[in-house]
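See the structure below:
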């Protein structure tokens with residue numbers, strides 16, 4: 034009896050002791066917070082009042098990236114992107130396994146664990162996820178209301194983030210047009226990240242004074258935008274703000290996504306294999322799908338390579354691969370698909386093959402056209418892996434990027450039969466068309482524009498920094514990928530006149546250059562897809578995503 038009473042008394046004593054300390058700490062914390070809030074009551078305001086604020090044309094705004102710009106409160110998806118794209122599959126799996134423990138740890142400890150798992154052992158010079166992959170997902174997470182608050186001032190903008198600087202700097206500077214980025218610095222040993230963050234941030238006050246001028250920064254107060262959960266009293270930047278606007282969680286729940294047309298700078302190029310934001314649930318679904326998806330991807334590849342068109346199309350559709358085909362309205366719908374294409378032929382019978390001009394979405398573009406029309410074409414490529422050339426079910430011919438040699442090669446191939454070319458020279462994932470190389474316009478007076486588009490759910494079938502031989506494998510790895518193909522009216526270009534066959538549209542010019550012809554075909558395809566035409570090239574893409582001009586070279 035005595036031991037039971039003793040242990041019950043001891044437990045009750047400890048309970049009262051712990052509960053009393055917790056109550057005391059809460060009271061002290063609440064009292065301290067009330068004192069600070071009361072002393073700075075005029076300094077802290079709700080974010081709604083910033084919309085009515087006037088006279089901010091020359092003010093400098095300091096904003097918290099996670100608390101005042103992004104809609105999501107979770108940082109896990111961005112670290113999963115780093116782990117998967119820069120570290121590989123096993124590192125991403127390790128990060129997913131640590132997720133249950135992150136919820137029981139504090140915010141700072143959880144951040145340190147994710148940084149350690151994702152960055153340990155990565156080479157600093159080759160890390161390009163922050164500039165090539167993350168901007169797309171961060172832009173899609175920007176809230177319209179937060180963006181309008183940040184853009185309200187016409188002066189300088191300073192972005193403060195708790196994430197490592199290499200993860201957010203390119204997004205803020207290149208796409209949000211932020212003048213100064215303050216993030217966490219990572220420790221580097223012998224050119225490799227060790228997965229640790231610096232305890233103290235670099236001296237940002239000196240940099241701010243250097244950017245604004247020492248006298249200007251001391252005289253004009255800063256405008257701060259942050260969240261309620263962040264401690265601002267000891268922050269070197271927010272503590273200098275004369276006004277602070279705070280964003281609550283309820284405010285962020287009502288925020289809308291930032292529309293693409295409101296981006297300060299359009300997002301045209303991005304890299305990485307993942308096509309969806311890897312939240313914990315999405316990441317778990319990806320790992321659960323991978324074993325079955327890998328088998329399905331190999332099966333789809335075998336079907337496309339070895340089986341005839343009629344059988345392979347039916348089996349690929351049964352496996353979840355969707356084809357959407359649209360033919361010109363002027364064709365005779367009473368004919369079969371095999372006979373419809375004959376309407377493109379001119380009379381008398383053609384002496385050389387037709388030139389099909391496609392926009393470029395994946396390496397499978399020529400194959401998609403071949404499967405759709407059930408014909409074996411010859412495809413010319415600017416750069417294709419040897420593995421893809423060997424496994425391709427249609428004939429492929431590699432161009433050298435030497436204009437004279439390539440023109441002779443294409444002219445010879447056209448004498449033998451129909452030819453497919455993607456004059457963009459590289460793939461583009463977003464709704465934009467890159468500049469068309471004008472070489473195709475010199476090869477034939479009659480070209481058939483082909484508008485292609487692709488939709489994937491998990492993985493992108495293109496890459497700028499990875500192994501291109503795996504591109505078809507990743508495309509087939511999606512549960513339900515889809516290809517839409519639209520054959521357009523044949524474009525005839527001759528004697529300074531270009532027009533669409535079987536239509537009333539006609540354009541005349543005293544002198545039609547090869548660039549005019551290429552630009553017109555690009556415009557026709559862009560209009561059919563609803564894409565915007567650009568003058569960017571393959572070189573521009575690889576300089577942005579990979580820091581080089583691509584793997585192609587001119588060899589005479």
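Numbering (this note's numbering), first residue to last: 34 to 589.
For glycine and all other residues, C-beta sits at the position ideal for the given N, C-alpha and C.
A straight-line Cα-Cα distance of about 30 angstroms links residue 495 and residue 227. With contacts defined by Cβ atoms closer than 7 angstroms, residue 388 and residue 525 do not form a contacting pair. Residue pairing for residue 566: DSSP places it in a beta bridge opposite 466.
Taking a 10 Å sphere around the C-beta of residue 341, we find fewer than 16 other C-beta atoms and assign the residue as exposed. Contact check for residue 189 against residue 207 fails: the beta carbons are separated by 7 angstroms or more.
Scanning 221, 184 and 200 for the CA closest to the CA of residue 257 turns up 184. Judged by DSSP in its simplified three-state form, residue 328 adopts helix.
If you look at residue 486, you'll find it in the beta strand (DSSP E) that goes 479-488. Per DSSP, residue 113 is one residue of the alpha helix (DSSP H) stretching across 109-115. Pairing residue 485 with residue 165 gives a Cβ-Cβ distance that is not under 7 angstroms.
Each of 435, 505 and 210 was checked against the Cα of residue 397, and the nearest Cα belongs to 505. Within the same chain, and ignoring the five residues on either side of residue 317 in sequence, the residues whose Cβ sits closer than 7 angstroms to its Cβ are 129. As for any beta strand (DSSP E) of minimum length 3 sitting wholly inside the region 410-434, the runs are 411-414 and 428-431, ordered along the chain. Put simply, the backbone Cα of residue 153 is about 8 angstroms away from that of residue 225. Annotated three-state conformation of residue 444 is helix, per DSSP. A residue is called buried when at least 16 other Cβ atoms come within 10 angstroms of its Cβ; residue 107 does not meet this threshold and is exposed. Runs of the alpha helix (DSSP H) lying entirely within the region 142-168, each at least 4 residues long, are 162-165 in chain order. DSSP lists 453 and 481 as the beta-bridge partner residues of residue 389.
Distance from the CA of residue 295 to the CA of residue 455, rounded to the nearest whole angstrom, comes to 30 angstroms.
Judged by their CB atoms, residue 305 and residue 512 are not nearer to each other than the 7 angstroms cut-off. Counting only the Cα atoms, residue 556 lies some 36 angstroms from residue 200. By the Cβ-count criterion, residue 463 is exposed, with fewer than 16 other Cβ atoms from all chains shown falling within 10 Å of its own Cβ. Relative to the Cα of residue 171, the nearest Cα in the group 429, 469, 292 and 155 belongs to 292.
The residue among 241, 334, 518 and 576 with its C-alpha nearest the C-alpha of residue 405 is 518. Here residue 177 has 288, 289, 290, 291, 292 and 295 as same chain residues with Cβ atoms under 8 angstroms from its own Cβ, once five neighbours each way along the sequence are excluded. Beta-bridge partners assigned by DSSP to residue 357: 517. In the DSSP annotation of this structure, the continuous segment of the beta strand (DSSP E) that includes residue 275 starts and ends at 274-280. The beta carbons of residue 548 and residue 334 sit no closer together than 7 angstroms. With respect to the 7 angstroms criterion, residue 336 and residue 349 are classified as neighbours on the basis of their beta carbons. Under the three-state reduction of DSSP, residue 78 is assigned to strand.
A residue is called buried once 16 or more other Cβ atoms fall within 10 Å of its Cβ, and residue 259 is buried on that count. Rounded to the nearest angstrom, the gap between the Cα atoms of residue 113 and residue 147 is 9 angstroms. Boundaries for residue 256: no alpha helix (DSSP H) harbours it, while the beta strand (DSSP E) harbouring it runs 255-260, taken from the DSSP string.
Distance from residue 402 to residue 569 at the Cβ level is roughly 24 angstroms; contact not present, criterion being Cβ atoms closer than 8 angstroms. Remark: three or more beta-carbon pairs, one from each stretch, lie closer than 8 angstroms, so the region 445-454 and the region 405-420 are flagged as touching. Residue 391 and residue 144 have their C-alpha atoms spaced approximately 46 angstroms apart.
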